[in-house]
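Before any comments, here is the structure.
Numbering (this note's numbering), first residue to last: 3 to 452.
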């Protein structure tokens, strides 16, 4: 795989302008010729649009992306070989169409989890199948894809998706000790806590890589983390530079779009064939889902408070009037080396789930390990695109380049501090967690055979 990396940088920036076109444009181009990997990329983009377009938070969205990419991967390797299946081997007739298998596996998986999008998915399914010549090969490929989808759907039944975890309603009150997470402005209900209880895809359990607890409120690590984010993460910070602000905003984009987009860019830049494109997409999404499940488990296990709560001295949701934040007397950190500041606001909105460890750090670190493993080097040499809230790509100047996996990990930790949403120690803990998840998963799945 080392040879692949050398091709990435030269091509990835050039293709970002076209790598995010709509599915209709992709299908029309495919009508002339279907290059290796086209069907994977097409349905990876359809899956991305389906998941993100459903309104799913990225915490849960990665799980749905993992369902789809695992089914597609198993369908492709059943026909093409080269790598062990994620789930169980699937019999495939000689000459079965891998493209048809991809279309069938992706469509059947997506329509199962997103039935309200059946009309759109059905139209895309018909269009994609129409590009494949009718005959035995097509029918045999569809049979493989259907089996792959059904196997993944059955495997993941009862996996904890949408299962409540019994959170106390006391999160909406002030009856909490200093350091304990409580709702943050605008005081919405906790975001997707059920993800913490989802059965991982490869890890033995969600607590397998549980980090050490966050620092004590009397520790030097706490003081450093508090004071740094208070200065650099404030909405009106005079310490944060324009470039740092831009980095913070860049990393507020949906990681599902960012890392699946990068996977497609790498596939194009390296000229990957169908099976290797399927493998990369599955690695990204299955490992990403395990990282997300693990970090959400840790968040709800430790229930540590967010910077906006700590810096404001506790934040009483019942004392908020308009833009006026209400501190809670006696609920500050009790540390003389920190100073509360009523009315402090972060640069970016605080996600409505607990602080520690950082989810962006966890998932991005896992992705850094995925691309390092796939390319065969930690010098990943890639460009990652930013997105506006609608999901449209930003202009090419919004592509951020990373020479190494460590560069990516460092920036994501910095970005969340500058955004005002995570202490540095939370970002570092997330990075360590994500890398552990990826290393474990990638030693056990998506391995070559023969």
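Beta carbons are placed, not taken as given, at the ideal position from N, Cα and C, and that holds for glycine.
- prompt: Do the CB positions of residue 134 and residue 161 come within less than 8 Å of each other?
  reply: The residue you call residue 134 lines up with position 132 of the chain shown. The residue you call residue 161 lines up with position 159 of the chain shown. Cβ distance not < 8 Å, so residue 134 and residue 161 don't count as in contact.
field: Cα-Cα separation, residue 87 to residue 316
entry: By 1-based counting over the chain shown, the position of residue 87 is 85. By 1-based counting over the chain shown, the position of residue 316 is 314. Between residue 87 and residue 316, the C-alpha separation is close to 50 Å.
- prompt: Quick one: complete alpha helix (DSSP H) runs, 4+ long, within the stretch 50-122?
  reply: 60-82 and 100-115
- prompt: Going by DSSP, what residues sit across from residue 236 in a beta bridge?
  reply: The residue you call residue 236 lines up with position 234 of the chain shown. In DSSP, residue 236 forms a bridge with 348.
field: 8 Å Cβ cutoff met for residue 111 and residue 70
entry: In the chain shown, the residue the question calls residue 111 occupies position 109. In the chain shown, the residue the question calls residue 70 occupies position 68. Contact: yes.
field: Selection from 372, 57 and 192 that minimises the alpha carbon distance to residue 285
entry: Sequence index remark: in the chain shown, residue 285 carries index 283 (1-based). Of 372, 57 and 192, the residue nearest in Cα terms is 372.
query: So what's residue 403 in DSSP terms, helix, strand or just coil?
result: As a position in the chain shown, residue 403 is number 401, starting the count at 1. Looking at residue 403 - three-state DSSP - the assignment turns out to be strand.
field: residue 386 - containing beta strand (DSSP E), residue span
entry: Your numbering for residue 386 matches position 384 in the chain shown. Unbroken beta strand (DSSP E) run through residue 386: 384-386.
- request: Since I believe residue 236 is in contact with residue 346 (beta carbons under 8 Å), could you give me their beta-carbon distance rounded to a whole number of angstroms?
  value: Residue numbering aside, residue 346 sits at position 344 when the chain shown is read from its first letter. Residue numbering aside, residue 236 sits at position 234 when the chain shown is read from its first letter. Indeed they touch by this definition, with Cβ atoms about 6 Å apart.
task: Measure the alpha-carbon distance for residue 259 versus residue 44 and round it to whole angstroms.
output: As a working note, residue 259 is residue 257 in the chain shown. As a working note, residue 44 is residue 42 in the chain shown. The alpha-carbon atoms of residue 259 and residue 44 are separated by roughly 14 Å.
message: DSSP three-state label for residue 228, please.
response: The residue labelled residue 228 in the question sits at position 226 within the chain shown. Residue 228 falls in the helix class under three-state DSSP.
Three-state secondary structure assigned by DSSP to residue 376: In the chain shown, residue 376 corresponds to position 374, counting from 1. Correct three-state label for residue 376: helix.
field: Own chain partners of residue 277 with C-beta closer than 7 Å, once the 5 adjacent residues on each side are dropped
entry: Mapped onto the chain shown, residue 277 falls at position 275. Answer for residue 277: 78, 79, 82, 84 and 85, listed in chain order.
- prompt: In terms of residues, what are the limits of the alpha helix (DSSP H) holding residue 303?
  reply: As a position in the chain shown, residue 303 is number 301, starting the count at 1. Its alpha helix (DSSP H) spans residues 276-304.
task: Rank 119, 250 and 124 by C-alpha distance to the C-alpha of residue 105 and give the top, closest one.
output: Counted from its first residue, the chain shown places residue 105 at position 103. The shortest C-alpha separation from residue 105 is found at 124.
- prompt: How would you write the range of the alpha helix (DSSP H) that residue 436 sits in, first residue to last?
  reply: Position 434 of the chain shown, counted from the first residue, corresponds to residue 436. 426-446 is the extent of the alpha helix (DSSP H) around residue 436.
- prompt: With C-beta atoms as the reference, is residue 196 less than 8 Å away from residue 166?
  reply: Within the chain shown, residue 196 is the residue found at index 194, counting from 1. Within the chain shown, residue 166 is the residue found at index 164, counting from 1. Cβ distance < 8 Å, so residue 196 and residue 166 count as in contact.
- prompt: For residue 202, which residues does DSSP report across the bridge?
  reply: Indexing the chain shown from 1 puts residue 202 at position 200. Looking at the DSSP assignment, residue 202 forms no beta bridge with any residue, so it has no partner.
task: Mark residue 246 as exposed unless 16 or more other C-beta atoms lie within 10 angstroms of its C-beta, in which case mark it buried.
output: Reading the chain shown from its first residue, position 244 is the one you call residue 246. Counting Cβ neighbours within 10 Å, residue 246 comes out buried, since at least 16 surround it.
query: In chain order, what residues of the same chain lie with their CB nearer than 8 Å to the CB of residue 153, ignoring the 5 residues before and after it?
result: Working through the chain shown from its first residue, we reach residue 153 at position 151. Here the set comprises 73, 76, 89, 90 and 92.
query: Span of the alpha helix (DSSP H) holding residue 145?
result: Residue numbering aside, residue 145 sits at position 143 when the chain shown is read from its first letter. Per DSSP, residue 145 belongs to the alpha helix (DSSP H) from 138-157.
query: Contact check, residue 414 vs residue 362 under 8 Å by CB: the rounded distance?
result: As a first step, residue 414 must be located in the chain shown, where it is residue number 412. As a first step, residue 362 must be located in the chain shown, where it is residue number 360. With a Cβ gap of about 6 Å, residue 414 and residue 362 count as contacting.
query: Relative to the C-alpha of residue 417, which residue among 126, 343 and 244 is closest?
result: Here residue 417 corresponds to residue number 415 of the chain shown, with the count starting at 1. Measuring from the Cα of residue 417, the nearest candidate turns out to be 244.
message: Less than 8 Å between the beta carbons of residue 295 and residue 215, yes or no?
response: As a working mapping, residue 295 is identified with position 293 in the chain shown. As a working mapping, residue 215 is identified with position 213 in the chain shown. No.
Where residue 433 falls, given that 16 or more other Cβ within 10 Å makes a residue buried: Mapped onto the chain shown, residue 433 falls at position 431. Result: buried.
Cβ contact (3+ pairs, closer than 8 Å) linking the stretch 260-277 and the stretch 421-431: no
- prompt: In three-state DSSP terms, what is residue 182?
  reply: Taking the chain shown and counting its residues from 1, one reaches residue 182 at position 180. DSSP places residue 182 in strand when its eight states are reduced to three.
message: On a Cα-Cα basis, can you pick out the residue from 52, 253 and 340 that is closest to residue 410?
response: In the chain shown, the residue the question calls residue 410 occupies position 408. That would be 253, whose Cα lies nearest to the Cα of residue 410.
query: Between residue 451 and residue 256, is the Cβ-Cβ spacing less than 8 Å?
result: As a first step, residue 451 must be located in the chain shown, where it is residue number 449. As a first step, residue 256 must be located in the chain shown, where it is residue number 254. No, Cβ-Cβ distance for residue 451 and residue 256 is not below 8 Å.
Other residues of its chain near residue 380: CB distance less than 6 Å, five sequence neighbours each side excluded: Here residue 380 corresponds to residue number 378 of the chain shown, with the count starting at 1. 374, 406 and 407, listed in sequence order.
message: Can you look up residue 189 in the DSSP assignment and give me helix, strand or coil?
response: Here residue 189 refers to the residue found at position 187 of the chain shown. The answer is coil: DSSP assigns residue 189 none of H, G, I, E or B.
- prompt: What is the C-beta distance between residue 287 and residue 98, in whole angstroms, given that I count them as a contact (C-beta under 8 Å)?
  reply: Counting from 1 along the chain shown, the entry for residue 287 is found at position 285. Counting from 1 along the chain shown, the entry for residue 98 is found at position 96. About 24 Å separates the two Cβ atoms, so there is no contact after all.
- prompt: In the DSSP assignment, what are the bridge partners of residue 450?
  reply: Position 448 of the chain shown, counting from 1, holds the residue named residue 450. Per DSSP, 85.
Unbroken alpha helix (DSSP H) run spanning residue 248, endpoints: For this step, residue 248 is matched to residue 246 along the chain shown. That run of the alpha helix (DSSP H) goes 244-252.
- prompt: Quick one: Cα of residue 212 to Cα of residue 435, how far?
  reply: Here residue 212 is taken as the residue at index 210 of the chain shown, counted from 1. Here residue 435 is taken as the residue at index 433 of the chain shown, counted from 1. C-alpha separation (whole angstroms): 7 Å.
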